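All residue numbers for the sequence shown refer to our numbering, where the first residue is 4 and numbers rise by one. Written out below as structure tokens is the structure these notes cover.
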Amino acid sequence: MNFKIIKTFSSFSFPLVFLLLMISVSSLMAQAALEDYNEGKRILEEGQFQEAMELLRPYMDVQRYGELSPYATYHFARAAYANRQFELAKSALSTLLEESNWPKLDEARYLLALVNFERNKPNDALPVVQSIASENLRLEAYRASYNYLKEVPSSVLMLQYEQFGDNLGLIMALREQLVEKSSLSSQEKSVFEQIRDIQLPGREEEEDKKREINETLEVAIVLPFNYNGGSGVKRLQSNNFIFELYRGIDMALENAKASGLDISVKTFDTERNPDRVAGILQDPFFRKADVIIGPIYPEEVEIVSEFAKDWKIPFVNPLSNIGEHLTSSGHSYLFRPSVEAITDNTIKYLNNLGDKNKIAIAYSGTSRDELLAKSFEEKARRNGYDLLTVQKVSARDMRGFFESVGLLDGQGNRRADALVIFSDDPNVASPTFSLVESSGSSVPVIVMDSWLYFNFASYEMMEAQDFHFISNNSLRLGAEEIENFREEFFERFKSFPGLNAYLGYELVHLITEVINVQKGFDFKENLKASDFISGKLTFGFDFTKNSSNNYVPILRLEEGVLVIE
Numbered sequence: 004m005n006f007k008i009i010k011t012f013s014s015f016s017f018p019l020v021f022l023l024l025m026i027s028v029s030s031l032m033a034q035a036a037l038e039d040y041n042e043g044k045r046i047l048e049e050g051q052f053q054e055a056m057e058l059l060r061p062y063m064d065v066q067r068y069g070e071l072s073p074y075a076t077y078h079f080a081r082a083a084y085a086n087r088q089f090e091l092a093k094s095a096l097s098t099l100l101e102e103s104n105w106p107k108l109d110e111a112r113y114l115l116a117l118v119n120f121e122r123n124k125p126n127d128a129l130p131v132v133q134s135i136a137s138e139n140l141r142l143e144a145y146r147a148s149y150n151y152l153k154e155v156p157s158s159v160l161m162l163q164y165e166q167f168g169d170n171l172g173l174i175m176a177l178r179e180q181l182v183e184k185s186s187l188s189s190q191e192k193s194v195f196e197q198i199r200d201i202q203l204p205g206r207e208e209e210e211d212k213k214r215e216i217n218e219t220l221e222v223a224i225v226l227p228f229n230y231n232g233g234s235g236v237k238r239l240q241s242n243n244f245i246f247e248l249y250r251g252i253d254m255a256l257e258n259a260k261a262s263g264l265d266i267s268v269k270t271f272d273t274e275r276n277p278d279r280v281a282g283i284l285q286d287p288f289f290r291k292a293d294v295i296i297g298p299i300y301p302e303e304v305e306i307v308s309e310f311a312k313d314w315k316i317p318f319v320n321p322l323s324n325i326g327e328h329l330t331s332s333g334h335s336y337l338f339r340p341s342v343e344a345i346t347d348n349t350i351k352y353l354n355n356l357g358d359k360n361k362i363a364i365a366y367s368g369t370s371r372d373e374l375l376a377k378s379f380e381e382k383a384r385r386n387g388y389d390l391l392t393v394q395k396v397s398a399r400d401m402r403g404f405f406e407s408v409g410l411l412d413g414q415g416n417r418r419a420d421a422l423v424i425f426s427d428d429p430n431v432a433s434p435t436f437s438l439v440e441s442s443g444s445s446v447p448v449i450v451m452d453s454w455l456y457f458n459f460a461s462y463e464m465m466e467a468q469d470f471h472f473i474s475n476n477s478l479r480l481g482a483e484e485i486e487n488f489r490e491e492f493f494e495r496f497k498s499f500p501g502l503n504a505y506l507g508y509e510l511v512h513l514i515t516e517v518i519n520v521q522k523g524f525d526f527k528e529n530l531k532a533s534d535f536i537s538g539k540l541t542f543g544f545d546f547t548k549n550s551s552n553n554y555v556p557i558l559r560l561e562e563g564v565l566v567i568e
């Protein structure tokens with residue numbers, strides 16, 4: 004009897020164990036199969052659109068993935084739209100909209116409307132907007148309609164109004180066009196009377212775009228990490244100056260979080276591609292962002308600056324001194340001094356010296372240095388200075404520059420009272436140090452503060468040779484805070500920080516001083532209300548009546564420590 008019981012149990016046990024094993028294996032395989040799908044969705048939110056598309060593409064196969072397929076198709080279309088591959092996004096969405104039972108059809112319709120607008124096909128987009136059932140999404144689609152139609156001629160909008168007269172965004176765009184016209188036809192007058200008092204819910208008369216306001220500091224970082232091509236972060240080199248800047252930003256944000264500040268951050272790589280920037284700005288995070296850090300290149304800055312103006316989000320260019328691509332809306336800023344601020348303060352410094360009337364100017368061939376030289380020359384002449392020479396230079400030109408102003412003839416025939424050199428080029432700085440030393444002259448040499456960071460000149464030499472440094476958000480070299488930052492950075496990243504890491508850290512310090520829970524999150528008004536703002540690693544900031552740092556002291560070295568003159 005016992006044998007039969009054991010035998011019966013044994014014959015039952017093996018299939019059961021096998022079945023449980025198969026279920027477990029199947030579960031593990033299913034989880035593994037979803038890894039790429041989940042990773043695709045994750046990196047889509049991080050702005051890696053092309054990579055997300057590649058990971059999501061296999062899951063669009065309805066035969067293999069069943070009910071998961073339409074979700075993958077939708078996220079694939081989102082990535083394609085953000086990557087400005089509009090035809091590809093349209094194709095994916097058209098297939099998706101054939102799935103009549105999918106619960107997120109309105110989201111797909113809204114995205115298809117955006118795609119068609121981007122394809123410059125408003126007559127394809129407007130019927131899709133009309134088909135959206137969700138009231139909230141339809142309102143968003145109306146706002147998108149306005150944004151895309153506001154530049155369309157009124158004659159075209161009049162025709163579209165006849166067919167899509169329920170679209171409030173179309174109505175807003177048409178009304179603005181009719182208001183601007185000097186005279187209206189009888190038909191236009193009739194339409195204007197019908198629409199003059201209609202408002203798009205949530206839209207003020209001046210079309211102030213509404214952002215989500217809360218007590219979390221939301222920071223969007225929009226930087227060209229792959230400025231030399233490529234994508235993703237795996238190929239970034241340690242000498243990548245944008246990555247170095249980002250490390251300083253990231254370290255400051257982490258420290259701010261540790262001190263109790265509620266911060267949300269999202270990072271995007273523009274890849275130095277203006278089309279990609281336009282796609283990035285469609286991310287929902289920008290609806291609640293309190294500040295945008297970056298980008299830096301003019302072709303990208305122009306796009307983000309216009310976006311900042313429209314959405315009233317402060318945008319800060321972290322490295323540039325050139326403000327010509329910024330709008331005058333009061334929402335775009337330079338973290339560093341502008342060309343005008345640098346030249347104004349350098350002229351003031353020379354005025355204070357009193358007896359330095361004959362000036363020689365040298366400058367490198369970068370856009371910034373050429374603008375600095377031009378601006379300084381105009382202001383110097385206006386202030387009555389005698390400009391001996393204004394010379395564009397490279398390394399091999401520096402001896403000729405010194406000879407032209409009588410600093411190398413050995414006969415005491417010096418003609419220049421001061422030299423002003425606008426350049427960050429170490430190949431210009433290196434021969435300059437040697438030539439000043441060999442000339443034996445005590446003429447003041449006024450240069451950019453970047454010369455302090457070149458490793459081929461000692462502080463003792465620069466101090467002895469009468470060098471003076473134009474602050475461009477200069478570090479307080481010798482200060483305890485600088486040393487503390489350097490040690491913490493090395494502990495975290497196992498390398499010492501370069502200049503851009505310090506600047507990234509200090510930028511976050513400025514932002515968190517201006518907007519926080521105590522002061523509120525209106526960057527523009529808080530900055531306007533601030534006078535001088537002390538720096539943590541630098542000498543500080545003055546944005547009074549300026550969209551750039553107007554605090555540009557001239558510095559000198561004194562026993563290895565930078566001091567303000």
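Each residue gets a CB set at the ideal place from its N, CA and C atoms; glycine is no exception. Fair warning: this is a prediction, and the values are worked out from it, not measured in the lab.
* Asked: Can you tell me the Cα-Cα spacing of R489 and N86, whole angstroms?
  -> The residue you call residue 489 lines up with position 486 of the sequence shown. The residue you call residue 86 lines up with position 83 of the sequence shown. Cα atoms of R489 and N86: separation of roughly 38 angstroms, rounded to the nearest angstrom.
* Exposure label - T346; buried when at least 16 CB within 10 Å -> What you label residue 346 is simply residue 343 of the sequence shown in a count that begins at 1. So T346 ends up on the buried side.
* Please state if the CB of G50 and the CB of I296 are separated by a distance shorter than 8 angstroms. => Position 293 of the sequence shown, counted from the first residue, corresponds to residue 296. Position 47 of the sequence shown, counted from the first residue, corresponds to residue 50. Their beta carbons are not under 8 angstroms apart, which means I296 does not touch G50 by this criterion.
* Kindly give me the distance between the Cβ atoms of V342 and S397, rounded to whole angstroms, as I take these residues to be in contact under 8 angstroms. => Position 339 of the sequence shown, counting from 1, holds the residue named residue 342. Position 394 of the sequence shown, counting from 1, holds the residue named residue 397. Contact doesn't hold; Cβ gap of about 21 angstroms is too wide.
* Sequence ranges, alpha helix (DSSP H) only - wholly within the region 361-422, length at least 4 -> 370-385, 401-407
* Asked: Which residues in the same chain as A55 place their Cβ atom closer than 7 angstroms to its Cβ, once the five residues preceding and following it in sequence are excluded?
  -> Position 52 of the sequence shown, counted from the start, is the residue given in the question as residue 55. If we look at A55 and ignore the five residues flanking it on each side, its Cβ neighbours are G43, I46, L47, A82.
* contact_flag[the region 179-190, the region 138-147] where n(CB pairs < 8 angstroms) is 3 or more -> No, the region 179-190 is not in contact with the region 138-147.
* Sort V194, L129, I325, I198 by Cα distance to P301 and report the nearest one. => Here residue 301 refers to the residue found at position 298 when the sequence shown is read from its first residue. Out of V194, L129, I325, I198, I325 has the C-alpha closest to the C-alpha of P301.
* To do: Return the CA-CA distance between R371 and M175, expressed in angstroms with no decimal places.
  => As a working note, residue 371 is residue 368 in the sequence shown. As a working note, residue 175 is residue 172 in the sequence shown. So the alpha carbons of these two residues sit roughly 42 angstroms apart.
* Which residues share a DSSP beta bridge with T219? -> Sequence index remark: in the sequence shown, residue 219 carries index 216 (1-based). Paired residues: none, contrary to the question.
* To do: State the CB to CB distance for the pair I252 and G507, rounded to an integer number of angstroms; the pair is presumed to be in contact (CB under 8 angstroms).
  => Here residue 252 is taken as the residue at index 249 of the sequence shown, counted from 1. Here residue 507 is taken as the residue at index 504 of the sequence shown, counted from 1. Yes, I252 and G507 are in contact; Cβ-Cβ is about 4 angstroms, under 8 angstroms.
* **Whole-angstrom distance between R275 and E165, CA atom to CA atom** => Here residue 165 refers to the residue found at position 162 when the sequence shown is read from its first residue. Here residue 275 refers to the residue found at position 272 when the sequence shown is read from its first residue. Here the alpha carbon of E165 sits roughly 42 angstroms from the alpha carbon of R275.
* To do: Using only alpha-carbon positions, find the residue among V517, K497, E221, I299 that is nearest to K291.
  => Locating residue 291 in the sequence shown gives position 288, counting from the first residue. That would be E221, whose Cα lies nearest to the Cα of K291.
* Check whether the region 477-487 touches the region 529-545, taking contact to mean three or more Cβ pairs, one atom from each stretch, closer than 8 angstroms. => yes
* Closest to V155 by CA distance: which of L142, V131, K124 is it? -> Here residue 155 refers to the residue found at position 152 when the sequence shown is read from its first residue. Between V155 and the set L142, V131, K124, the nearest pair of CA atoms involves K124.
* In chain order, what residues of the same chain lie with their CB nearer than 7 angstroms to the CB of F493, ignoring the 5 residues before and after it? -> As a first step, residue 493 must be located in the sequence shown, where it is residue number 490. Answer for F493: F499, listed in chain order.
* To do: Measure from the alpha carbon of P227 to the alpha carbon of each residue in E303, S186, L162, then state which is nearest.
  => As a first step, residue 227 is located in the sequence shown; it is residue number 224 there, counting from the start. Closest option to P227, judged by alpha-carbon separation, among E303, S186, L162: E303.
* **CA-to-CA distance, S97 to E138, given in whole angstroms** => In the sequence shown, counting from the first residue as 1, residue 138 sits at position 135. In the sequence shown, counting from the first residue as 1, residue 97 sits at position 94. Those two C-alpha atoms are separated by around 22 angstroms.
* Asked: Which residues in the same chain as Y352 place their Cβ atom closer than 6 angstroms to its Cβ, once the five residues preceding and following it in sequence are excluded?
  -> As a position in the sequence shown, residue 352 is number 349, starting the count at 1. By the criterion of a C-beta distance shorter than 6 angstroms, Y352 is surrounded in its chain by I557, once the five residues flanking it on both sides are discounted.
* By how many angstroms is the C-alpha of K377 removed from the C-alpha of G263? -> Translated into the one-based positions of the sequence shown, residue 263 becomes position 260. Translated into the one-based positions of the sequence shown, residue 377 becomes position 374. Going by the C-alpha atoms only, they are around 47 angstroms apart.
* Just the C-alpha distance for Y40 and F288, rounded to the nearest angstrom, thanks. => Translated into positions along the sequence shown, residue 40 becomes position 37. Translated into positions along the sequence shown, residue 288 becomes position 285. Approximately 22 angstroms between the Cα atoms of the pair.
* Asked: From M465 to E486, what distance separates their C-alpha atoms?
  -> As a position in the sequence shown, residue 465 is number 462, starting the count at 1. As a position in the sequence shown, residue 486 is number 483, starting the count at 1. Cα-Cα distance, rounded: 21 angstroms.
* Helix, strand or coil for I567, going by three-state DSSP, please let me know. => Taking the first residue of the sequence shown as position 1, residue 567 is located at position 564. Strand.
* **DSSP state of D469 mapped onto helix, strand, coil** => Position 466 of the sequence shown, counted from the start, is the residue given in the question as residue 469. Of the three classes helix, strand and coil, the one that applies to D469 here is coil, per DSSP.
* With a floor of 3 residues, list each beta strand (DSSP E) that falls wholly inside the region 230-289, ordered by position along the chain. => 266-272
* Among the residues of its own chain, which have a CB less than 7 angstroms from the CB of F310, if the five just before and after it don't count? -> Position 307 of the sequence shown holds residue 310. Cβ neighbours of F310 beyond the five flanking positions: L284.
* To do: Below 8 angstroms CB to CB, which residues in the same chain sit around Q133 once its five sequence neighbours on both sides are set aside?
  => Along the sequence shown, read from residue 1 onward, the residue named residue 133 stands at position 130. Only F167, D169, N170 meet the Cβ criterion.
* Can you name the start and end residues of the alpha helix (DSSP H) that S335 belongs to? -> Working through the sequence shown from its first residue, we reach residue 335 at position 332. No alpha helix (DSSP H) holds S335; the beta strand (DSSP E) holding it covers 335-337.
* For I224, the three-state DSSP class (helix, strand or coil) -> As a first step, residue 224 is located in the sequence shown; it is residue number 221 there, counting from the start. If DSSP states are grouped into helix, strand and coil, I224 belongs with the strands.
* For V520, does the three-state DSSP call read helix, strand or coil? -> Counted from its first residue, the sequence shown places residue 520 at position 517. Of the three classes helix, strand and coil, the one that applies to V520 here is coil, per DSSP.
* To do: Confirm, please, whether the CB-CB distance from Y249 to I266 is below 8 angstroms.
  => If you number the sequence shown from 1, residue 266 lands on position 263. If you number the sequence shown from 1, residue 249 lands on position 246. No.
* To do: Measure the alpha-carbon distance for N348 versus L391 and round it to whole angstroms.
  => Locating residue 348 in the sequence shown gives position 345, counting from the first residue. Locating residue 391 in the sequence shown gives position 388, counting from the first residue. Taking the straight line joining both Cα atoms gives about 21 angstroms.
* Asked: Based on Cα-Cα distance, which residue from A419, R402, F425, L410 lies nearest to G368?
  -> Taking the first residue of the sequence shown as 1, we reach residue 368 at position 365. Considering only alpha carbons, the answer is F425.
* Does DSSP put V118 in a helix, a strand or coil? -> As a position in the sequence shown, residue 118 is number 115, starting the count at 1. Three-state result, V118: helix.
* Asked: What residue does the beta strand (DSSP E) around I449 start on, and which one ends it?
  -> Mapped onto the sequence shown, residue 449 falls at position 446. I449 -> beta strand (DSSP E) spans 448-451.
* To do: With DSSP collapsed to three states, give me the class of L560.
  => Working through the sequence shown from its first residue, we reach residue 560 at position 557. L560 falls in the strand class under three-state DSSP.
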